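First to last, the protein sequences are chains A and B.
Residue numbers for the first sequence follow the numbering used here, beginning at 485 and rising by one.
Residue numbers for the second sequence follow the numbering used here, beginning at 64 and rising by one.
Heads up, the beta-carbon is just placed ideally off N, CA and C, and yes, glycines get one too.
Keep in mind it's a predicted model, so treat the numbers as computed, not measured.
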Amino acid sequence: MLSLILNRLMLAIPSLIGVVIVTFLLTRALPGDPAAYFAGPAATEQAIAEIRAKLGTDRPLIEQFGRYVKDLARGELGQSLTTGQPVSREIATRLPASAELTLIGLLLAVLLAVPMGILAATKPGSAVDHITRVVSTAGVSLPVFFTGLLLVYVFYFRLGWAPSPVGRLDVFLSPPPHVTGFYLVDALLARDGEVFVGALKQLALPALTLSIFALAPIARMTRASMLAVLSSDFVRTARASGLSPAKVVVTYAFRNAVLPVITTLGMVLSFLLGANVLVEKVFAWPGIGSFAVEALIASDFAPVQGFVLTMAALYVTLNLLIDIAYGLIDPRVRLDS
Amino acid sequence: MASPALLVEDLSVEFRTRGGIVKALERVNFHVAKGETIAVVGESGSGKSVTAYAVMGILDPAARVTSGRAVLGALDLLKTDRHTLAAVRGREIAMIFQNPRTALNPIRRVGDQIADVLLRHANVTPSAAPKKAVELLETVGITDPARRAKAYPFELSGGMCQRVMIAIALAANPSLLIADEPTTGLDVTTQAIIMDIIAERAKATGMATIFITHDLGLAAERADRIVVMHAGHIVEARPTRDLFAAPRHPYTAALIAATPGPTSQLSDLRTIAGGLPDLRAAELPACRYAGRCARRLEGCAAPLPRVDAAASDALACHNPLPQERAA
């Protein structure tokens, strides 16, 4: 198992190097001159040239790249021009916000989608099956900003159950001391019930929005995978041996059906992490997605590069976790490593 | 006659398919007595496995039992509810399948799979189950059973997997074992060993065995009585020796003529003309073999006589081969 992990990490190095090169070139190829942007519309040619020299963007590409790599090696991602903060600090505060939202959304989706998929597969054509189909079609076809706004309209504006959709915590509460950056975890560590509940309330609607979107692929994959496994020979054996229906479905069928579901989970999670910009916008969530988009619009290179690199590292970690999960579930995978 | 371990009467099964309704079984009647081994033979598609699946209650969802009963003790297996049936399966009536590799859960240790059945049926405590599973592996002739109990099916050979299947099937000492092509795909020595294990257990515990095969030679060697199926009908059922000495149904005779013996040459073997009739047809002939039969008469369109499930002899033919004088 350990050699498998090391092996996968080694394989990730070339992809990360590729990501560094491509993001660097892409940000340089983007239209727009950061120097002109920050000098403002009234700036003179000379002022722009001065800023350009200060930023180093007047040097040849290869020299800029060399400096970028040197900074990277020291763990520095550069400075954001818009906020004036080091990019690494921005990411450190914003990534947990996005990760907390995404993980809770995904957890919610799994808790709903997996039982739905299993029930739909064990009783094809039943009411549960049809409900699953309708919910997953709706989840895929409704854009997240729409479901987000709809939820805000219903639960905040109409019913008043949810707090106002701005940020991670009510303005009258102060965030818990920073340990993990996950407010829920940090509040628990600080034994601060009020902050925990407050953070949970803020989190509920955006997480639900994400989960409605993530529900569909998970439920569908669970259903399809369960259907295939339920018609397999060994499930027939388990039934013929008179094992209880619950044992047949959970221990025999579901454990075999879970591998494609995990793959789907990985895909959904990595997709959500980068693509929940819209949800972050709707709920004024200080996440990494909105940060990257703002930086991109401002031609602010450093944060964009930092964002893409962070995402790439996350994807690598995620895939590694999926591989480990595979190995734990399926003994046949362990041999291949 | 001793009271039968299983009596199947008027069993009819239909499959709903895109091409229409397939009448896979029509009024199938047979029984197996306690301690008896019967072989159900017939070509692929004759309904041997469907019969077994119907009795076990593990038919495909597209299949429907349209008539009949399958009596095991005081219980009609076709009418009991799901939970009673689940309690009977594995305890009273067990089944082993062909392709032992795919018939075992690929990601569960074989010892655990045996223990699952023990815990369900055999009044074994969770702490004693693993040890009992190892003992069962030993009784089916697996060497180093303690180590093998920790193996996954993919780490074992096909013959070994089939032994594990047998251990699972026999875990709760069933009174009836259905073996669906248990040796298909195994080499000849392993075949013999597998069949010996089953036969020994049957002899020791008085277990009845239904042995489904298309291998007439194996059936002749192992079964007390043979039931011949063709296109969802039982065409003939007789004690093995009688059947081979003097087959009376033209299909049985053709099957025997198509089976290689120790001295036969390829040119001696005869193929059976034609194929199974299309079971989707709305109007199937009374005798489903009539289309392939050389002995067909005008009268063959008349309904066949009903076979008595409890009788040890059965014949469904209007123009059988003549009964041979005492041999």
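Along the length of the region 598–631 of chain A, whole alpha helix (DSSP H) runs at least 4 residues long occupy 611–625, reported in chain order. Considered as a whole, the region 541–605 of chain A harbours 545–557 as its complete alpha helix (DSSP H) runs of no fewer than 4 residues, in chain order. Straight through space, the alpha carbons of Pro-690 (chain A) and Gly-773 (chain A) are spaced by roughly 14 Å. Here Gly-269 (chain B) is actually not in contact with Lys-86 (chain B); their C-beta atoms are around 36 Å apart, not less than 8 Å.
DSSP, read as helix, strand or coil, puts Asn-92 (chain B) in strand. For Ser-112 (chain B), the uninterrupted alpha helix (DSSP H) run begins and ends at 111–119, by DSSP.
The beta carbon of Val-817 (chain A) sits closer than 6 Å to the beta carbons of Tyr-810, Gly-811 from its chain, once the five residues preceding and following it are set aside; these are given in chain order. Ile-335 (chain B) and Arg-355 (chain B) do touch by the CB rule: their CB atoms are close to 7 Å apart, below 8 Å. Between the region 582–591 of chain A and the region 690–710 of chain A, the count of Cβ pairs shorter than 8 Å is three or higher; the stretches touch. Look at the region 156–187 of chain B: the residues with a C-beta under 8 Å from a C-beta of chain A are Ala-157, Met-158, Phe-160, Asn-162, Thr-165, Ala-166, Leu-167, Asn-168, Pro-169, Ile-170, Arg-171, Asp-179, Val-180, Arg-183, His-184. Residues of chain A whose Cβ lies closer than 9 Å to the Cβ of Arg-152 (chain B) are, in chain order, Arg-723, Ala-724, Ser-725, Gly-726, Leu-727.
Sixteen is the threshold: since fewer than 16 other Cβ atoms of the shown chains lie within 10 Å of the Cβ of Pro-366 (chain B), the residue is exposed. Every beta strand (DSSP E) stretch that sits fully inside the region 198–279 of chain B and reaches 3 residues is listed by chain position as 239–243, 271–276.
When the Cα atoms are used, Val-636 (chain A) and Asp-175 (chain B) turn out to be separated by approximately 50 Å.
Ser-130 (chain B) carries a strand assignment under DSSP once its states are collapsed to helix, strand and coil. The three-state secondary structure of Ala-674 (chain A), taken from DSSP, is coil. The Cβ of Arg-704 (chain A) sits no closer than 8 Å to any Cβ of chain B. Judged by DSSP secondary structure, Thr-303 (chain B) falls outside any beta strand (DSSP E) and instead within the alpha helix (DSSP H) spanning 303–308. At a beta-carbon threshold of 7 Å, the residues of chain B lying near Asp-814 (chain A) are Ile-170, ordered along the chain. In this structure, Thr-303 (chain B) keeps its C-beta atom at 8 Å or more from the C-beta atom of Ala-320 (chain B). Excluding five sequence positions before and after Lys-607 (chain A), the CB atoms of its chain that fall closer than 8 Å to its own CB belong to Asp-613, given in chain order. Contact annotation for Lys-731 (chain A) against chain B: Asp-179, Arg-183 [CB-CB distance below 8 Å, chain order].
Residue nearest to Leu-199 (chain B) within the set B:His-296, B:Pro-216, B:Arg-154, B:Ala-232 is B:Ala-232 (criterion: CA-CA distance). For Phe-217 (chain B) against Pro-169 (chain B), the beta-carbon gap comes to about 6 Å, under 8 Å, which counts as contact. By the C-beta criterion, the region 73–84 of chain B is judged to be in contact with the region 110–119 of chain B, since at least 3 inter-stretch pairs fall below 8 Å.
The region 129–140 of chain B makes no contact with the region 204–223 of chain B, as fewer than three CB pairs between them are under 8 Å.
A Cβ-Cβ separation of about 13 Å leaves Ala-300 (chain B) out of contact with Leu-70 (chain B) under the 8 Å criterion. Chain-ordered, the chain A residues with CB closer than 7 Å to the CB of Tyr-215 (chain B) read Pro-815. Assigned with DSSP and collapsed to three states, Asp-139 (chain B) falls in strand.
A check of alpha carbon separations from Ile-546 (chain A) across A:Ser-564, A:Leu-780, A:Leu-595, A:Leu-509 identifies A:Leu-509 as the nearest.
Just measuring C-alpha positions, the residue of A:Ile-532, A:Gly-559, A:Ala-782, A:Ala-605 sitting nearest Pro-124 (chain B) is A:Ala-605.
Of the other Cβ atoms in all chains shown, 16 or more fall within 10 Å of the Cβ of Val-766 (chain A); this residue is therefore buried. With 16 or more other CB atoms across the displayed protein chains lying within 10 angstroms of its CB, Leu-182 (chain B) is buried.
Comparing C-alpha distances from Thr-253 (chain B) to each of B:Met-223, B:Asp-278, B:Arg-343 shows the shortest one belongs to B:Met-223.
Contact between the region 702–714 of chain A and the region 732–749 of chain A is present: three or more C-beta pairs spanning the two stretches fall below 8 Å. For secondary structure counted as the alpha helix (DSSP H) over 4 or more consecutive residues, the region 700–786 of chain A holds these complete runs in sequence order: 717–724, 739–759, 761–766, 772–781.
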